[in-house]
Amino acid sequence: MNDTDLKVAIPVLTIDGPSGSGKGTISRLVASRLGWHYLDSGALYRAVGVSAGWADIDLADPAALVRCAFDTEVGFRDDPGGELRVLINGLDATDELRTETAGAAASAIAAIPEVRSALKERQRVFRRAPGLVADGRDMGTVIFPDAPFKVFLTASAEERAERRYKQLSDKGVSVTLAGLLREILARDARDAQRAVAPLRPAEDAVRIDTTGLGIDAVVERVLARVTA
Ligand code: DC
Numbered sequence: 002m003n004d005t006d007l008k009v010a011i012p013v014l015t016i017d018g019p020s021g022s023g024k025g026t027i028s029r030l031v032a033s034r035l036g037w038h039y040l041d042s043g044a045l046y047r048a049v050g051v052s053a054g055w056a057d058i059d060l061a062d063p064a065a066l067v068r069c070a071f072d073t074e075v076g077f078r079d080d081p082g083g084e085l086r087v088l089i090n091g092l093d094a095t096d097e098l099r100t101e102t103a104g105a106a107a108s109a110i111a112a113i114p115e116v117r118s119a120l121k122e123r124q125r126v127f128r129r130a131p132g133l134v135a136d137g138r139d140m141g142t143v144i145f146p147d148a149p150f151k152v153f154l155t156a157s158a159e160e161r162a163e164r165r166y167k168q169l170s171d172k173g174v175s176v177t178l179a180g181l182l183r184e185i186l187a188r189d190a191r192d193a194q195r196a197v198a199p200l201r202p203a204e205d206a207v208r209i210d211t212t213g214l215g216i217d218a219v220v221e222r223v224l225a226r227v228t229a
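Quick note on the numbering used here: the sequence shown kicks off at 2 and runs consecutively.
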């Protein structure tokens, strides 16, 4: 087997879907149950957004953002509590990365084709034995089109806004449900309508609607696709 054959032999489970569909939580739990690696591709886009903010780069300056995508070093580390910490140029930026501001910046940056190309290979190197769970928007369509297992998670916008509201309220962040719903709908529209790698299920992805389902039920459904 040559290097390419070896890589293709490593299984990938892609989990795509809109923000708030539960992808992050589900993907991490599924990766841990399978003993596979985990890629949080959204964190890469968020990291470029945060890094651009640190460097005072204008979100309307695509050339500078592309340079920033190439220059930003992103590292991942599991903390003892099992949470994924994200390092930007060696600095732990996890909390800043998870803010709504970073999410909105990531969504704007993610619409720039050259930024997406700059991040492509960085995502593919996560494919390592014994397997990879890749969480994002275009994992099954663009980054790992040959993945043997593909899932597309959805949930109603209202339920996604409620989940996010609960998460943020638990952290003591003050937001309104109506405001979150507006942001979610705006982000969905931007992610689905962009010209490059828009959010859509791969043709061979299995859709799972998580509205009204608990985390464990979704994890079992996703695992059933891989172990079937
Ligand atoms: O999954 P997330 O909310 O952390 O992603 C943040 C933004 O990054 C999201 O609005 C769209 C973009 N993104 C993307 O375009 N492609 C990916 N594979 C992952 C995220």
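Glycine included, each C-beta is placed from N, C-alpha and C at the ideal position.
Closest residue to residue i among the options (Cα-Cα distance)
| i | options | result |
| --- | --- | --- |
| L214 | T155, D72 and I185 | T155 |
| V220 | V152, V67, D59 and P131 | V152 |
| R34 | S42, L133 and G50 | L133 |
| L178 | D192, R161, Q194 and A112 | R161 |
| A56 | V176, I89, V31 and G36 | I89 |
| A203 | P146, V87 and L186 | P146 |
| V227 | A206, T211, D210 and I216 | A206 |
| V87 | Y39, L14 and V176 | Y39 |
| V31 | D136, K167, G141 and T211 | D136 |
Local Cβ density within 10 Å of residue i, reported as buried at 16 or more and exposed below that
| i | result |
| --- | --- |
| T102 | exposed |
| K24 | buried |
| R29 | buried |
| A193 | exposed |
| A174 | The question names Ala, but residue 174 in the sequence shown is Val. V174 is exposed by the Cβ-count criterion. |
| L92 | exposed |
| R129 | exposed |
Reduced DSSP category for residue i - H, G, I as helix; E, B as strand; rest coil
| i | result |
| --- | --- |
| R129 | coil |
| F71 | helix |
| V176 | coil |
| A112 | coil |
| R188 | helix |
| G50 | helix |
| R78 | strand |
| V152 | strand |
| L224 | helix |
| I89 | strand |
| T100 | coil |
| I16 | strand |
| I209 | strand |
| G25 | helix |
| A135 | strand |
Beta carbon of residue i nearer than 9 Å to that of residue j
| i | j | result |
| --- | --- | --- |
| A70 | I110 | yes |
| L85 | A48 | no |
| V143 | A198 | yes |
| S1 | Q124 | Summary: the structure shown does not reach residue 1, with the chain confined to residues 2 through 229, and so no result is reported for it. |
| L182 | A158 | yes |
| A148 | P12 | yes |
| R1 | I209 | Because the chain is modelled from 2 through 229, residue 1 falls outside the range shown and cannot be assessed. |
| S108 | R191 | yes |
| D139 | R117 | yes |
| A105 | G54 | no |
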